[in-house]
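Enquirer: Residue numbers (my numbering): 29 to 314.
We treat Cβ as the ideally placed atom computed from N, Cα and C, and that holds for glycine.
Handing you a structure now.
Structure representation (structure tokens):
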């Protein structure tokens, strides 16, 4: 699995991780065992970055992830979780972070993000929480999710002793706006952009029209599926990683194989939306 540096931290993480937003609460034992098998398979294939959040399944995702990672050497895994902005005060935000640690069964979260910007608590307070968690040794690195570039800059301005290393955004071949609008800033600043839902919520199964035709053209050249090309398209941009979720082991294997696909600049440009200006975007293959 190809690795990438996490900003200026010196930490190396895989360009493909595992998303777990689909883990739901109040399901059968067999349902959770199937999720565990998929996560284990991903770890075996080098997808050692596991992304979760307190919001996913009302904490169930963190508990399942915690049960799986307890079976492995902690130093070989990179765990990301997120603080949901329903917590309105400093103390309740800190308590939420402690609860995430408890559900995960770990002493320290590798990367902790603010899940969404909120109109109900200030970015300044959120950043104070993140920074204090780093100082306490509960969190190694911090970032945000679903923040605009302007909100990211504002958040960074409130940090005194640490820096934001990541923004997790909804980006895929269907939702490309952040590639042209946000990615140049993150590339310039040496910040990783994590693309979540890289295959959309339907796995591109119902995709039709010109975009599907273009994906199929590239897929034939690489003896791959359109889903693999969609994942490869993302990580062939500098400073971009992605975290596809996979309930079935065959999907985990397919996702992992996508990491080795190298697209030409011509192929990447073919998939861009018409009218998208990408002059300032750096490509891995360029």
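DSSP has residue 221 in a bridge; who is on the other side?
Expert: Position 193 of the chain shown, counted from the first residue, corresponds to residue 221. BP columns for residue 221 point to 195 and 268.
Enquirer: What does a CB cutoff of less than 8 Å around residue 123 pick up in its chain, not counting 5 residues either side in sequence?
Expert: Residue numbering aside, residue 123 sits at position 95 when the chain shown is read from its first letter. Within the same chain, residue 123 has close Cβ partners 115.
Enquirer: Measuring only the C-alpha atoms, how far is residue 394 from residue 299?
Expert: The chain is shown only over 29 to 314; residue 394 falls outside these bounds and no answer can be derived.
Enquirer: By alpha-carbon positions, which one of 143, 104, 144 and 309 ends up nearest to residue 218?
Expert: The residue labelled residue 218 in the question sits at position 190 within the chain shown. The shortest C-alpha separation from residue 218 is found at 309.
Enquirer: Just confirm the distance between the C-beta atoms of residue 179 and residue 145, as a whole number of angstroms; I'd bet it's less than 8 Å.
Expert: In the chain shown, counting from the first residue as 1, residue 179 sits at position 151. In the chain shown, counting from the first residue as 1, residue 145 sits at position 117. Rounded, the Cβ-Cβ distance is 5 Å, consistent with contact.
Enquirer: Verify whether the separation of the beta carbon atoms of residue 85 and residue 46 is less than 8 Å.
Expert: Within the chain shown, residue 85 is the residue found at index 57, counting from 1. Within the chain shown, residue 46 is the residue found at index 18, counting from 1. Against a cut-off of 8 Å, the Cβ pair of residue 46 and residue 85 comes out as no contact.
Enquirer: Do you know whose CA, among 72, 93 and 106, lies nearest residue 50's CA?
Expert: Mapped onto the chain shown, residue 50 falls at position 22. Per the Cα distances, 93.
Enquirer: Looking only at C-alpha atoms, which of 224, 276 and 270 sits nearest to residue 287?
Expert: Residue mapping note: residue 287 aligns to position 259 of the chain shown, counting from 1. Considering only alpha carbons, the answer is 270.
Enquirer: Identify, in the order they occur along the chain, each residue of the same chain with its Cβ nearer than 7 Å to the Cβ of residue 255, setting aside the five sequence neighbours on each side.
Expert: The residue labelled residue 255 in the question sits at position 227 within the chain shown. So the list reads 227, 231, 232 and 282, once near-sequence residues are dropped.
Enquirer: Between the segment 185-199 and the segment 233-242, do at least 3 Cβ pairs fall closer than 8 Å?
Expert: Cβ pair count under 8 Å is below three, so no.
Enquirer: Only counting runs of 3 or more residues, tell me where the beta strand (DSSP E) segments fall wholly within the segment 74-160, in order along the chain.
Expert: The qualifying runs are 77-79, 106-111 and 137-142.
Enquirer: Give me the Cα-Cα distance between residue 273 and residue 78, rounded to the nearest whole angstrom.
Expert: If you number the chain shown from 1, residue 273 lands on position 245. If you number the chain shown from 1, residue 78 lands on position 50. If you take the alpha carbons of residue 273 and residue 78, they lie about 10 Å apart.
Enquirer: Assuming residue 182 contacts residue 142 (C-beta within less than 8 Å), just tell me the rounded distance between them.
Expert: To locate residue 182, count along the chain shown from 1; it is residue 154. To locate residue 142, count along the chain shown from 1; it is residue 114. Incorrect: roughly 12 Å between the Cβ atoms, too far for contact.
Enquirer: Buried or exposed: residue 207, going by 16 or more other Cβ atoms within 10 Å of its Cβ?
Expert: Taking the first residue of the chain shown as 1, we reach residue 207 at position 179. It counts as buried.
Enquirer: Tell me the residue span of the alpha helix (DSSP H) that contains residue 248.
Expert: Residue mapping note: residue 248 aligns to position 220 of the chain shown, counting from 1. 238-250 is the span of the alpha helix (DSSP H), which, as asked, contains residue 248.
Enquirer: Could you pull the start and end residues of the alpha helix (DSSP H) that residue 282 belongs to?
Expert: Residue numbering aside, residue 282 sits at position 254 when the chain shown is read from its first letter. Residues 277-286.
Enquirer: For residue 41, which beta-bridge partners are listed by DSSP?
Expert: On the chain shown, position 13 is the one that residue 41 refers to. DSSP, once it has assigned bridges, lists 32 as partnering residue 41.
Enquirer: Which two residues bound the contiguous beta strand (DSSP E) that contains residue 263?
Expert: Taking the first residue of the chain shown as position 1, residue 263 is located at position 235. No beta strand (DSSP E) holds residue 263; the alpha helix (DSSP H) holding it covers 254-263.
Enquirer: Taking the continuous alpha helix (DSSP H) assigned at residue 208, which residues delimit it?
Expert: Mapped onto the chain shown, residue 208 falls at position 180. Start and end: 205-209.
Enquirer: Rounded to whole angstroms, what is the Cα-Cα separation between residue 83 and residue 147?
Expert: For this step, residue 83 is matched to residue 55 along the chain shown. For this step, residue 147 is matched to residue 119 along the chain shown. Roughly 18 Å between the two C-alpha positions.
Enquirer: Have a look at 168, 67 and 198 and flag the residue whose alpha-carbon is nearest the alpha-carbon of residue 176.
Expert: Position 148 of the chain shown, counting from 1, holds the residue named residue 176. That would be 198, whose Cα lies nearest to the Cα of residue 176.
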